[in-house]
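Residue numbers (our numbering): 1325 to 1675.
Here it is as structure tokens:
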């Protein structure tokens, strides 16, 4: 989630997967369908990515850092990575989200550690996305036993190339058994909804800038795949009554695997009268970002949940159950502890 007006940090998403899984295809899809957001990219192989396309997606700016000196997790340390991220995160670049495309043999855990070790105040870890090739999954897993460990670390797993598998269900089930509460998203040609990874800004905000949304509005891909949301369920939840932090954390800790994405703002009422809490969840990854209430803004909780196979009625009932009963809890110092575990200063479970 990114709102430059409120000084929010830029999320850094780590995109990993073995050679041939479709990482570059997925990244280029995000660039084409960024929803008005400006994406910065850190990539290992210059020739493997459409650099000209990235330049246009970045509004003709320097939105790409290319590394040709080997595997990122081995070639640089955290301080060197900070240099690359700082170039993309400078305010003049206007970047909304940064994607690190790891080499095919990178160790995702090391990349996550490097991002978490960053000393840049204006970036924040945004989750690990692991891409797997459905058609080559068994062979890749046999050749690279580390794949199971990578899947266990992931916050979202994209099972790509399902169009090349006669029956994708066995692969999806196996992946589902290997992940640790991560969301598992089937995909063809790397086409996943960018909203699963970050908040997309409306294209109209980019006045005077040519985006891929403009270039491809009448293109063949737009005609063939007009609405990525069509295959997914969504639920909007609004409450003018504050939510109870303990109840909300209990809901988030038990959220179903099909619930890929949660975003929005939470009002915890007397637990923190000064701040609203932006929430960003991708699969098992969860973060809260406290920020002052905007002057004159009405105080309410506003959430959007996106996934597949969701029982939206049951989810709404659970969220209704998170609404505070109105009893004063100002003396309950431990009430917010569960939420504060997921604020940036808290220790990250993926570390």
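All C-beta atoms, glycine included, are put in the ideal place defined by N, C-alpha and C.
Query raised in the report: How would you call residue 1558, buried or exposed, if buried means at least 16 neighbouring beta carbons within 10 angstroms?
Result: Burial state of residue 1558 is exposed, judged by a 10 Å Cβ sphere holding fewer than 16 other Cβ atoms.
Query raised in the report: Given 8 Å as the limit, is there contact between the stretch 1457 to 1467 and the stretch 1337 to 1351, that is, 3 or more CB pairs closer than that?
Result: Yes, they touch.
Query raised in the report: Do the stretch 1557 to 1577 and the stretch 1412 to 1428 meet, that is, are 3 or more Cβ pairs less than 8 Å apart?
Result: No, because fewer than three Cβ pairs between the stretch 1557 to 1577 and the stretch 1412 to 1428 fall closer than 8 Å, the two stretches do not touch.
Query - Span of the beta strand (DSSP E), counted from its first residue to its last, around residue 1422 - result: In the DSSP assignment, residue 1422 falls within the beta strand (DSSP E) that extends over 1421 to 1425.
Query raised in the report: Assuming residue 1507 contacts residue 1480 under a Cβ cut-off of 8 Å, what Cβ separation, rounded to an integer in Å, is found between them?
Result: Right, the Cβ-Cβ distance comes to about 5 Å (below 8 Å), so this counts as a contact.
Report task. Provide the residue(s) that pair with residue 1457 in DSSP beta bridges, ordered along the chain. Result -> In DSSP, residue 1457 forms a bridge with 1484.
Query raised in the report: When DSSP builds the beta bridges, which residues end up paired with residue 1587?
Result: The partner list for residue 1587 (beta bridge, DSSP) reads 1604 and 1628.
Report task. Please check the pair residue 1496 and residue 1425, which I expect to be a contact at CB under 8 Å, by giving their CB distance rounded to whole angstroms. Result -> Residue 1496 to residue 1425, Cβ: 24 Å. No contact.
Query raised in the report: For residue 1557, which beta-bridge partners are listed by DSSP?
Result: 1631.
Query raised in the report: Looking at the unbroken beta strand (DSSP E) that takes in residue 1637, where does it start and where does it end?
Result: Residue 1637 -> not in any beta strand (DSSP E); alpha helix (DSSP H) instead, spanning 1636 to 1644.
Query raised in the report: If you follow the alpha helix (DSSP H) that residue 1431 is part of, which residue opens it and which one closes it?
Result: Run containing residue 1431: none; DSSP gives neither H nor E here.
Query - Distance between beta carbons of residue 1483 and residue 1499, contact taken as under 8 Å - result: 6 Å between Cβ atoms; contact.
Requested in this report: Give the range of the beta strand (DSSP E) segment to which residue 1340 is assigned.
Outcome: Segment 1334 to 1340, the beta strand (DSSP E) holding residue 1340.
Query - DSSP state of residue 1357 mapped onto helix, strand, coil - result: DSSP places residue 1357 in coil when its eight states are reduced to three.
Report task. Since I believe residue 1522 is in contact with residue 1337 (beta carbons under 8 Å), could you give me their beta-carbon distance rounded to a whole number of angstroms? Result -> Taking the Cβ atoms as the reference, residue 1337 lies roughly 7 Å from residue 1522, within the contact range of under 8 Å.
Query raised in the report: So is residue 1487 buried or exposed if we call it buried at 16+ other beta carbons inside 10 Å?
Result: With fewer than 16 other Cβ atoms within 10 Å, it is exposed.
Query raised in the report: Beta-carbon separation of residue 1591 and residue 1584 under 9 Å?
Result: No.
Query - Where the beta strand (DSSP E) through residue 1610 begins and ends - result: Where residue 1610 is concerned, the enclosing beta strand (DSSP E) starts and stops at 1609 to 1616.
**Report entry** Selected residue, minimal CA-CA separation from residue 1450, among 1410, 1520, 1638 and 1663
**Finding:** In this structure, 1520 is the residue among 1410, 1520, 1638 and 1663 with its C-alpha nearest to the C-alpha of residue 1450.
Report task. Go through its chain and collect everything with a Cβ distance to residue 1663's Cβ below 6 Å, but skip five positions before and after it. Result -> Within the same chain, residue 1663 has close Cβ partners 1569 and 1612.
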